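Number of protein chains: 2
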Amino acid sequence: MDSVFEIIAEPNRRAILGLLASSEQSVGEIERQLRMPQPTVSKHLRVLREAGFVESTVDAQRRLYRLRPERFREVDDWLTQFRRFWSAHVDALERHLDRMDRMSQPKPAKTKAKKTTRPQPRTDKGEKK
Amino acid sequence: MDSVFEIIAEPNRRAILGLLASSEQSVGEIERQLRMPQPTVSKHLRVLREAGFVESTVDAQRRLYRLRPERFREVDDWLTQFRRFWSAHVDALERHLDRMDRMSQPKPAKTKAKKTTRPQPRTDKGEKK
DNA sequence: TTTGTATATACTCTATTAGGCATATACGTA
DNA sequence: TACGTATATGCCTAATAGAGTATATACAAA
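Residue numbers (this note's numbering), protein chains in the order written: chain A, 345 to 473; chain B, 345 to 473.
See the structure below:
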């Protein structure tokens with residue numbers, strides 16, 4: 345179980361990540377909020393930690409877990425090749441944009457994209473349902 | 345195996361989706377390009393089809409498969425809650441933007457985002473590594 | 001030191017899944 | 001009709017992951 349995708353395929357792990365998205369949490373806090381047996385939480389946290397999704401620091405007997413951003417990017421990068429298919433590109437873009445804007449520093453000049461070879465639009469040659 | 349994430353967790357399925365991202369393909373074409381036994385391809389296509397990632401139309405004995413965008417969005421939507429953690433927001437945004445721009449119709453006026461309640465930044469209270 | 005709390009880990013069991021192979025089905029063509 | 005091609009499906013097996021339970025470890029407080 346190594347790929348980013350396998351890691352986030354597990355629902356409990358996504359739940360944990362979701363929790364950590366709001367703020368860092370100890371194992372016990374996760375355990376209680378998600379009503380999950382402690383060993384289950386610890387095991388999933390181990391997977392997440394080894395996969396680079398979270399990191400932990402020690403606080404007495406407790407371990408405080410928080411998110412690390414990098415791996416999420418990989419998912420986003422993978423999605424990139426499919427964004428062209430979303431019907432309401434612009435809407436999606438705007439949502440994305442606005443969301444980011446909430447935290448943006450004054451934006452540097454917009455670097456214009458180097459035109460990528462565009463895969464030809466489907467020919468639909470044989471289409472006869 | 346129902347969730348979007350479980351579907352894309354399988355490497356061969358991601359490979360198939362990747363292929364279809366460039367253009368629609370028949371089962372045989374996928375089989376050859378990915379050097380994958382035909383039953384394997386068909387089975388994965390079935391999973392992808394039933395999950396709504398692809399759709400097919402009949403062309404004589406062949407089946408032509410192509411992407412459907414909707415499910416990919418779900419992944420993107422899930423990612424949303426984590427975007428705030430990406431360090432170089434703006435860069436990511438710009439890349440996203442430029443990529444989309446390649447196909448955008450003249451853009452409608454930018455709708456400004458309704459400010460969402462922002463989860464308080466991590467307090468780092470117990471931090472003592 | 002003993003006890004309690006917080007977390008990690010080892011072990012076992014079970015369910016799920018992907019692959020391989022054989023075969024069925026559908027369509028076209030001779 | 002018989003045959004070839006394209007695709008789907010059924011059956012079996014092996015591998016793996018997650019849950020449950022028990023236990024180990026680390027720290028703190030009495």
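Ideal Cβ positions, reconstructed from N, Cα and C, are used throughout, including at glycine. All of these numbers come straight from a predicted model, not from anything done at the bench.
Hey, residue i and residue j: beta-carbon distance below 8 angstroms or not?
i, j, result
"residue 423 of chain A", "residue 426 of chain B", "no"
"residue 375 of chain A", "residue 391 of chain A", "no"
"residue 399 of chain B", "residue 348 of chain B", "no"
"residue 389 of chain A", "residue 409 of chain A", "yes"
Could you check whether the Cβ of residue i sits closer than 8 angstroms to any Cβ belonging to chain A?
i, result
"residue 362 of chain B", "yes"
"residue 352 of chain B", "yes"
"residue 371 of chain B", "no"
"residue 386 of chain B", "no"
"residue 398 of chain B", "no"
"residue 359 of chain B", "no"
"residue 378 of chain B", "no"
"residue 407 of chain B", "no"
"residue 383 of chain B", "no"
If we ignore side chains and look at the alpha-carbon of each, how far apart do residue i and residue j end up?
i, j, result
"residue 430 of chain A", "residue 404 of chain A", "48 angstroms"
"residue 358 of chain A", "residue 363 of chain B", "27 angstroms"
"residue 413 of chain B", "residue 402 of chain A", "43 angstroms"
"residue 407 of chain B", "residue 361 of chain A", "39 angstroms"
"residue 355 of chain B", "residue 420 of chain A", "16 angstroms"
"residue 380 of chain B", "residue 368 of chain B", "17 angstroms"
"residue 373 of chain A", "residue 352 of chain B", "30 angstroms"
"residue 396 of chain B", "residue 395 of chain A", "28 angstroms"
"residue 393 of chain B", "residue 411 of chain B", "9 angstroms"
"residue 346 of chain A", "residue 345 of chain B", "19 angstroms"
"residue 382 of chain A", "residue 428 of chain B", "28 angstroms"
"residue 370 of chain A", "residue 387 of chain B", "42 angstroms"
"residue 366 of chain B", "residue 350 of chain B", "23 angstroms"
If we define contact as Cβ-Cβ less than 8 angstroms, is residue i a contact residue for chain B?
i, result
"residue 425 of chain A", "yes"
"residue 390 of chain A", "no"
"residue 393 of chain A", "no"
"residue 346 of chain A", "no"
"residue 447 of chain A", "Summary for residue 447 of chain A: the model assigns pLDDT 44, below 50, so the residue's position carries little reliability; its value from the coordinates is reported in the next sentence. True, the Cβ-Cβ gap to chain B drops below 8 angstroms."
"residue 355 of chain A", "yes"
Beta strand (DSSP E) runs contained entirely in the region 359-413 of chain A, provided each spans 3 or more residues: Taking only runs of at least 3 residues, the beta strand (DSSP E) segments lying wholly in the region 359-413 of chain A are 398-403, 406-411.
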